[in-house]
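**Student:** In the numbering used here, the protein residues as written are 1 to 748.
By construction, the Cβ of each residue, glycine as well, lies at the ideal position given by its N, Cα and C atoms.
Here the structure is a predicted model, which means the values were calculated and not measured.
Handing you a structure now.
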């Protein structure tokens with residue numbers, strides 16, 4: 001058995017603890033949200049953000065064709081590396097070089113007929129969303145009122161009104177219907193005109209054409225004293241199209257994304273404390289170093305350090321932790337937390353676009369918009385829509401005009417039905433609606449998805465590899481036998497431990513200081529990667545670390561060892577606590593048929609005991625970082641799909657090599673950067689839920705594709721042979737979109 005060693009500050013190969021290097025660890029660890037979203041400088045150094053991330057609102061985008069058009073135009077812009085449209089949220093996220101301006105992108109989109117506005121994802125509000133909903137409801141109300149009045153007038157015609165009387169009722173109906181169609185159909189007409197004006201076709205072109213044809217043929221019939229007019233059908237068509245769009249809008253709103261959850265936590269104003277005077281200012285005006293006052297019950301507007309006052313904060317919406325957390329001078333707070341009990345003065349470290357909350361929202365929005373193989377498949381199918389649907393409609397018009405002996409009314413009705421019924425809305429919603437719903441559900445469980453393809457890959461996992469310390473355990477070791485050592489020995493141990501960020505070193509150093517021990521002054525301090533810390537005290541060589549490196553006998557528990565000169569080594573023993581939800585997570589994964597492994601650098605006895613406690617049959621101890629990565633690569637080479645859950649620098653290679661990876665928010669920056677998903681709270685049980693939800697999401701996507709395909713297989717032939725009126729086509733189109741959206745919300 002190998003004694004568990006101390007590892008170096010920046011490479012902890014055999015004992016994995018979530019710890020940030022440096023003296024700020026204690027205060028920083030009080031802010032899981034900050035840890036989950038590193039500062040702008042850290043992100044820049046790690047390569048997560050290079051250049052500019054520009055978010056634009058796309059209020060008129062509504063179909064898969066819009067996705068293709070916008071992304072193609074954005075990616076053709078010089079300096080733009082990539083662009084992804086999130087149809088559910090009606091926005092495009094552009095990854096561009098630093099010199100690209102939002103105004104230039106907005107102008108390019110305007111040239112192809114898309115309205116766009118620069119969007120601050122941290123300042124989203126429900127107001128604009130509600131405004132869109134109210135606008136649709138107003139148009140539905142107008143269309144519904146007009147429809148009922150026209151139907152009353154139609155009763156007289158159906159009852160046998162003849163000649164001038166019938167024509168009078170038709171003209172009255174026209175006076176009601178035509179302004180109503182113009183007003184109620186404005187969303188469709190404006191979108192269609194924008195597309196046609198720039199040489200494009202979208203789904204609103206055939207819808208608008210159908211409304212125009214239904215109204216036009218009714219006017220033609222009325223002018224020629226025809227027996228039938230279809231003003232009621234035209235208004236009903238507009239009514240049901242609007243109802244379908246509103247229901248679709250509402251079902252998307254229910255699938256509220258994690259990005260919107262985060263953005264809703266941002267505060268627009270803060271109370272600035274300057275020169276002894278309080279002043280309410282926009283959060284965007286705050287700068288690092290500013291002092292702000294926080295009153296009880298208010299949400300914290302910026303990241304910062306408490307310099308005065310004590311209180312408790314609620315972090316439940318950020319981390320899922322339900323219990324309030326005590327804060328006092330020196331505590332780091334994150335934007336979005338709620339100050340509960342006492343007034344605080346906060347020194348701002350980051351605000352607005354630089355705050356951790358804003359960057360988390362931006363990160364999640366990008367993940368929700370990422371391109372997967374399913375979205376690629378949907379987009380390829382949608383590209384065929386415009387030319388195919390117009391070809392089908394034109395062919396149907398020509399055939400029925402010939403087959404009916406020149407019956408223009410019948411040919412126009414069938415052509416309009418084909419135009420409406422072949423809408424690809426359901427196909428366009430098949431993937432993004434599911435991804436948004438799933439990411440929102442996982443976020444509310446405490447999992448932040450950084451990579452948009454992670455959800456897809458998570459559904460394929462069959463093997464889960466857990467690190468031990470800081471992952472399955474809390475990673476807060478406590479020295480058990482300090483009373484066995486004299487002051488000189490503790491002073492030397494504290495001095496060596498101070499040179500390392502390893503959890504055992506931090507625990508030993510902190511415990512020694514708590515007992516009033518003054519660290520010795522040592523020379524030639526250096527870390528030996530994978531082994532421990534070495535220094536000199538006079539002529540004596542000092543070592544703190546692995547048993548084989550120090551020359552100590554193996555220990556039966558988690559331990560580190562100290563040798564002073566030629567004296568016999570001594571052993572510091574530690575204990576740790578199981579992370580909440582660890583047992584539930586392992587049990588849930590095993591119940592799903594996943595193979596679960598425990599891989600740790602800790603000693604054999606400690607790893608074996610934890611494995612037995614959690615019911616993990618396969619485990620490995622005294623594992624070095626390269627061996628962890630090799631194990632993951634070996635399983636991957638055998639065809640397994642591995643989920644790696646780890647937190648330390650020594651897990652980074654394994655996290656990067658795995659099919660998908662998760663790290664706690666308390667993990668080191670390097671581990672969080674390498675992982676696809678961040679666990680925001682302390683509870684580990686959401687890991688088991690994540691795999692279950694990912695599998696459900698994949699099933700829902702496949703079901704949505706099946707619904708879209710089945711709808712078109714059944715509906716299009718019915719329209720082509722004349723069995724579907726334009727009104728029936730509108731109902732069928734709306735029903736297919738709503739069915740897909742509702743199916744996406746069935747994630748449990």
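1) Beta carbon of residue 761, beta carbon of residue 56: below 9 Å?
2) Apply the 10 Å Cβ neighbour rule to residue 467 and answer buried if 16 or more other Cβ atoms are within range, or exposed otherwise.
3) Quick one: what does DSSP say residue 557 is sitting in, helix, strand or coil?
4) Using the beta-carbon count (16 or more within 10 Å), is residue 490 buried or exposed?
5) Run through DSSP, which three-state label would residue 312 get?
6) Applying the criterion that 16 or more other CB atoms from any shown protein chain within 10 Å of the CB defines a buried residue, is residue 408 buried or exposed?
7) So, for residue 278: in the same chain, excluding its five sequence neighbours on each side, which residues have a beta-carbon less than 8 Å away from its beta-carbon?
8) Please go through the same chain and pick out, in chain order, the residues whose beta-carbon is closer than 6 Å to the beta-carbon of residue 464, but skip the five residues on each side of it.
9) With DSSP run on the structure shown, which of helix, strand or coil describes residue 55?
10) Excluding five sequence neighbours on each side, which residues of the same chain lie with their C-beta closer than 7 Å to the C-beta of residue 235?
11) Run through the DSSP bridge pairs and tell me what residue 93 is partnered with.
12) Enumerated in chain order, which unbroken segments of the alpha helix (DSSP H) with a length of 4 residues or greater are wholly contained in the stretch 492–553?
13) Please list, in chain order, all residues of the same chain as residue 605 whose beta carbon is under 6 Å from its beta carbon, the five residues on each side excluded.
14) Counting along the chain, where does the beta strand (DSSP E) carrying residue 269 start and finish?
15) Out of 267, 659, 574 and 578, which one is the CA nearest neighbour of residue 481?
16) Alpha carbon to alpha carbon, what distance is there between residue 314 and residue 124?
17) Along the chain, where does the beta strand (DSSP E) containing residue 350 start, and where does it finish?
18) Residues in its own chain within less than 8 Å of residue 400 by CB, not counting five upstream and five downstream?
19) To the nearest angstrom, how far is the alpha carbon of residue 743 from that of residue 736?
20) Ends of the alpha helix (DSSP H) at residue 197?
21) Going straight from the alpha carbon of residue 502 to that of residue 552, what length do you get?
22) Are three or more beta carbon pairs between the stretch 650–667 and the stretch 618–638 nearer than 8 Å?
23) With DSSP collapsed to three states, give me the class of residue 124.
24) Look at the alpha carbon of residue 285 and the alpha carbon of residue 108, and state the distance between them as a whole number of angstroms.
25) Let me make sure I understand the geometry here. Which of 607, 630, 629 and 613 has the alpha-carbon closest to that of residue 829?
26) Check this for me: beta carbons of residue 53 and residue 116, under 9 Å apart or not?
27) Closest by CA to residue 298, which one among 304, 290 and 267?
28) Check whether the stretch 453–463 touches the stretch 691–704, taking contact to mean three or more Cβ pairs, one atom from each stretch, closer than 8 Å.
29) Between which two residues does the beta strand (DSSP E) containing residue 613 stretch?
30) When we look at the beta-carbon of residue 402 and count the other beta-carbons within 10 Å, is it buried (16 or more) or exposed?
31) Under a three-way DSSP split, which group does residue 481 fall into?
32) Compute the distance between the beta-carbons of residue 720 and residue 418, then report whether it is under 9 Å.
33) In terms of alpha-carbon separation, which member of 152, 479, 525 and 349 lies closest to residue 558?
34) Shortest alpha-carbon distance to residue 110 belongs to which of 348, 470 and 73?
35) Let's test the definition: count the other Cβ atoms within 10 Å of the Cβ of residue 68 and tell me whether it reaches 16, buried, or not, exposed.
**Tutor:** With the given structure in hand:
1) Residue 761 is absent from the model: the chain starts at 1 and stops at 748.
2) buried
3) Coil at residue 557, not helix or strand.
4) Sixteen is the threshold: when 16 or more other Cβ atoms of the shown chains lie within 10 Å of the Cβ of residue 490, as they do, the residue is buried.
5) strand
6) exposed
7) 271, 272 and 293
8) The answer, listed in chain order, is 589, 594, 596 and 643.
9) In the three-state scheme derived from DSSP, where H, G and I count as helix and E and B as strand, residue 55 is classed as strand.
10) 143, 146, 147, 150, 177, 180 and 181, listed in sequence order.
11) 55 and 84
12) 503–514 and 547–550
13) 556
14) Per DSSP, residue 269 belongs to the beta strand (DSSP E) from 269–274.
15) 574
16) Because residue 124 carries a pLDDT of 42, less than 50, the predicted location of this residue cannot be relied on, and the following value inherits that uncertainty. Residue 124 and residue 314: Cα-Cα distance of roughly 22 Å.
17) 344–350
18) Within the same chain, 407, 410, 411, 414, 415 and 722 come within 8 Å of residue 400 by CB-CB distance, once the 5 residues on both sides are set aside.
19) 11 Å
20) Boundaries of the alpha helix (DSSP H) harbouring residue 197: 186–197, taken from the DSSP string.
21) 19 Å
22) yes
23) Legend: pLDDT at residue 124 = 42, less than 50; position of this residue unreliable, no value from coordinates given.
24) 30 Å
25) Residue 829 lies beyond the residue range present for the chain, which begins at 1 and ends at 748; the question has no answer from this structure.
26) no
27) It is 267 whose Cα lies nearest to the Cα of residue 298.
28) yes
29) Unbroken run through residue 613 is the alpha helix (DSSP H), 604–614; no beta strand (DSSP E).
30) exposed
31) coil
32) yes
33) 479
34) Taking each of 348, 470 and 73 in turn and checking the Cα distance to residue 110, the smallest one comes out for 73.
35) buried
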